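Asks:
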Amino acid sequence: MFMQPYLSEQKMGLDQIALNFQSPALRRIRTLQGRLQHCLLSVITLRCQCDVFIRQLQRLSATPAVQTI
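Position 22 of the sequence shown, counting from 1, maps to 22 under full-length UniProt numbering, and the rest follow consecutively.
1) The alpha helix (DSSP H) spanning threonine 63 covers which residue range?
2) Could you check what DSSP says for serine 42 in three-state terms: helix, strand or coil?
3) Could you tell me the distance, in whole angstroms, from the CA atom of arginine 27 to the CA atom of phenylalanine 53?
4) Any idea what DSSP makes of glutamine 22, helix, strand or coil?
If you want it as structure tokens, here you go:
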């Protein structure tokens with residue numbers, strides 16, 4: 001009996017949170033957050049590709065060129 005008011009208050013809090021997530025502003029924020037995460041992943045991927053490319057260039061510049069006569 002002691003827990004019943006607490007549980008109903010907790011449920012009302014969760015219902016309010018659920019309603020808030022339906023608001024257009026919060027939907028827009030979640031959309032922008034998803035786009036930012038995608039951009040960040042793209043930047044990290046590009047950075048890794050650049051690092052690999054730079055290492056390959058360094059390896060090529062370190063090997064002596066084959067001279068043909």
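Heads up, the beta-carbon is just placed ideally off N, CA and C, and yes, glycines get one too.
These numbers were taken from a predicted model, which means no experiment stands behind them.
Replies: For this structure:
1) Mapped onto the sequence shown, residue 63 falls at position 63. Counting along the chain, threonine 63 falls outside any alpha helix (DSSP H), and DSSP gives it neither H nor E.
2) Position 42 of the sequence shown, counted from the first residue, corresponds to residue 42. Serine 42 falls in the helix class under three-state DSSP.
3) Residue numbering aside, residue 27 sits at position 27 when the sequence shown is read from its first letter. Residue numbering aside, residue 53 sits at position 53 when the sequence shown is read from its first letter. Approximately 39 Å between the Cα atoms of the pair.
4) The count along the sequence shown starts at 1 and reaches residue 22 at position 22. In the structure shown, glutamine 22 sits in coil (DSSP, three-state: anything other than H, G, I, E or B).
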